[in-house]
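Residue numbers (the numbering used here): 158 to 480.
Beta carbons are placed, not taken as given, at the ideal position from N, Cα and C, and that holds for glycine.
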């Protein structure tokens with residue numbers, strides 16, 4: 158059976174192919190009743206397409222004079238989604254050339270109906286995203302080449318710089334790409350280590366696709382693997398924080414993908430790895446119970462600096478803080 162969306166698009170194609178079609182002619186071609194044709198035409202008009210309906214024996218439907226069908230048809234919500242998505246990419250920074258995103262926005266607007274074009278411009282004028290937290294720059298070609306390899310399930314050859322600065326050559330079978338806490342990761346099978354490995358894309362020195370193929374495990378969840386791996390201690394800094402609360406409350410506030418939790422006689426011990434402590438500091442500040450940072454020292458210094466900065470923003474002598 159044809160879906161309503163398919164029939165709506167068919168009505169549009171027919172009206173572009175014929176100077177004029179009556180409701181009965183359209184109904185006959187689509188094998189539906191005239192009432193359905195009226196609904197389809199109304200939906201197209203709501204999308205901003207200039208379809209003219211004329212009553213009478215010689216009446217019917219036709220496209221507005223001089224109108225040419227744009228190569229892209231978007232509903233109201235699709236237009237908002239596309240515009241906001243491009244704006245988000247623009248304001249993320251450190252990933253795509255801003256001129257490429259501005260160009261994509263301009264080209265998208267050119268093929269929108271007048272009503273949606275105005276809406277897209279309204280969104281761009283009214284909305285700004287503040288997303289410039291820490292982000293590690295990566296070369297776009299690594300993301301696109303990895304994506305191609307994942308889709309085609311083909312092995313890649315990469316040059317990778319380890320934490321200590323040593324560069325190694327590896328054959329790698331990528332399963333997915335994840336961006337977490339400002340850093341791009343890829344996870345898959347490392348042929349050198351014969352095990353699952355997670356690599357930081359910003360440490361790639363080279364990448365090339367090969368003609369060797371592989372089969373990705375069907376149930377593998379790349380996002381869950383990377384988050385769990387980080388929570389279990391992967392990273393350049395090992396974080397250890399004593400949470401002065403119960404294990405039950407800590408588990409409600411800290412999902413397993415954020416950190417490992419262990420009940421002790423002193424409280425709950427939180428452990429995790431981190432590549433950038435700003436994200437960890439931000440996460441800890443959202444927890445609504447007391448805690449003691451045990452390591453690393455850099456995290457303690459960072460939180461102290463942020464606390465001093467916060468205190469400097471207010472006049473504590475005139476501010477009453479509720480217990």
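Discussion item. Helix, strand or coil for residue 161? Go by DSSP, reduced to three states.
Written reply: helix
Fill in: Beta-bridge pairing of residue 311 - partner residues as DSSP gives them
370
Worksheet item: Are residue 356 and residue 299 touching if we call contact CB-CB under 8 Å?
Response: Going by C-beta atoms, residue 356 is not nearer than 8 Å to residue 299.
Worksheet item: Does the Cβ-Cβ distance between residue 460 and residue 438 come in under 8 Å?
Response: yes
Discussion item. Counting beta carbon pairs with one atom in the stretch 329–341 and one in the stretch 301–313, are three or more of them shorter than 8 Å?
Written reply: yes
Worksheet item: Are the beta-carbon atoms belonging to residue 178 and residue 217 less than 8 Å from one another?
Response: yes
Discussion item. By the three-class DSSP mapping on this structure, what secondary structure does residue 174 have?
Written reply: Of the three classes helix, strand and coil, the one that applies to residue 174 here is helix, per DSSP.
Worksheet item: Is it the case that the Cβ atoms of residue 428 and residue 420 are separated by a distance below 8 Å?
Response: No, they are not a contact pair.
Worksheet item: Which runs of the alpha helix (DSSP H), 4 residues or longer, sit entirely within the stretch 433–464?
Response: 434–442
Worksheet item: How many whole angstroms separate the CB atoms of residue 552 and residue 311, which I take to be in contact at a CB cut-off of 8 Å?
Response: For the chain, the structure presents residues 158 to 480; residue 552 sits outside this window and is missing.
Worksheet item: Between the stretch 444–457 and the stretch 402–416, do three or more beta carbon pairs fall short of 8 Å?
Response: yes
Practice prompt. Could you name the residues that DSSP lists as bridge partners for residue 342?
Written response: For residue 342, which the question treats as bridged, DSSP gives the partners 335, 357.
Worksheet item: To which residues of the same chain is residue 284 closer than 8 Å at the C-beta, ignoring the five residues directly before and after it?
Response: 241, 244
Discussion item. Using only the alpha-carbon positions, how far apart do residue 347 and residue 453 sit?
Written reply: If you take the alpha carbons of residue 347 and residue 453, they lie about 30 Å apart.
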